[in-house]
Amino acid sequence: MLVLLLKTNQERARLYLYEQDHKLAEHYWRAGKNLAETINLEIERLLSSANKTLNSLDGIGVYGGPGSFTGLRIGISLANALAYSLQVAVVKSSGSNWKQQALNRLTSGDNEYIVVPDYGAAAKITTPRK
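The opening residue of the sequence shown carries number 1321 in my numbering; numbering runs sequentially from there.
Written out as structure tokens, the structure reads:
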């Protein structure tokens, strides 16, 4: 089972590629406010470094929070969209052991279908002006 793991809750985004419990590749970059612009390219680079493609994926795991509202929203939205378009399972997990939790859930057949972030607090959204 080939699994892509994403962690986008901080300024430095992280991607991991696992086959079963064996890590094939990992990639970190300072995404900051450019996460939405860079994440797709960085995923392609990660997959290419392991001679894999998006269509090779069997599952997607994503860090669910807490963390940056925008970072979690972008990462989880992308995980949901990829899982839907590739017709693969998607799960979220949290905590210091989030990667192993996600891998375990995916290999056991879990699928959340749509992942929802855990921000850790209410989102601070400004009131719209008229």
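Just so it is clear, CB atoms sit at the ideal spot from N, CA and C, and this is done for glycine as well.
Residue range of the unbroken beta strand (DSSP E) whose run includes residue i
i     : result
Y1348 : 1342-1350
Element boundaries [alpha helix (DSSP H), containing residue i]
i     : result
Y1404 : 1389-1406
S1368 : 1355-1369
T1427 : 1418-1427
Residues that residue i bridges to, as DSSP identifies them
i     : result
V1323 : Y1338, G1379
V1410 : I1380
V1333 : Just to set this straight, residue 1333 is Ala in the shown sequence, not Val. Bridge partners of A1333: W1349.
CA-to-CA distance, residue j to residue i, given in whole angstroms
i     : j     : result
L1406 : L1374 : 8 Å
T1427 : E1339 : 10 Å
A1403 : A1441 : 26 Å
R1350 : L1335 : 12 Å
L1423 : S1416 : 14 Å
L1377 : G1429 : 14 Å
Check whether residue i and residue j have beta carbons under 8 Å apart
i     : j     : result
G1391 : S1414 : no
I1363 : L1324 : yes
G1387 : Q1330 : yes
Y1286 : K1450 : Outside the displayed range of the chain (1321 to 1450) lies residue 1286, so it cannot be described from this structure.
Cβ-based neighbour list, residue i, same chain, cut-off 6 Å, excluding 5 preceding and 5 following
i     : result
A1409 : G1379, L1426, N1431
I1396 : V1382, V1435, P1437
Contacting residues, own chain, Cβ-Cβ under 7 Å from residue i (five flanking each side not counted)
i     : result
S1369 : A1345
I1434 : N1400
R1365 : H1347
Sequence-distant residues of its chain with Cβ nearer than 8 Å to residue i (five each side left out)
i     : result
R1332 : Y1348, W1349, R1350, A1351
Minimum Cβ-Cβ distance from residue i to chain C less than 8 Å
i     : result
G1381 : The structure shown contains no chain C, having only a single protein chain.
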